[in-house]
Amino acid sequence: MPATYERELTLEKTPSYFVTKSVPARLHNMSSDVRLIVVVRDPVTRAISDYTQVFYFHLLYQKLCL
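In the working numbering, the protein residues as written are 6 to 71.
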């Protein structure tokens with residue numbers, strides 16, 4: 006996380022923060038000033054997006070290795 010000045014707002018997005026139930030409490034213990042916004046996505050759309058990214062990354066990797 007980059008350093009933030011007093012009047013700045015820092016945003017960070019990482020879905021893996023909520024893999025375990027203990028993460029929100031750990032974030033609060035780190036800084037009680039932290040405000041969380043959780044954006045939930047349709048699981049089917051998410052799965053298609055993940056598959057597409059993996060598929061195209063695999064194609065790109067194959068092209069780079071040729």
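Think of the CB as a built atom: it goes at the ideal place given N, C-alpha and C, for glycine as much as any other residue.
When DSSP states are grouped into helix, strand and coil, residue 59 belongs to the helix group.
When secondary structure is reduced to three states using DSSP, residue 26 falls in the coil class, being assigned neither helix nor strand. Rounded to whole angstroms, the gap between the alpha carbons of residue 45 and residue 69 is 35 Å. Scanning 61, 7, 41 for the CA closest to the CA of residue 20 turns up 41.
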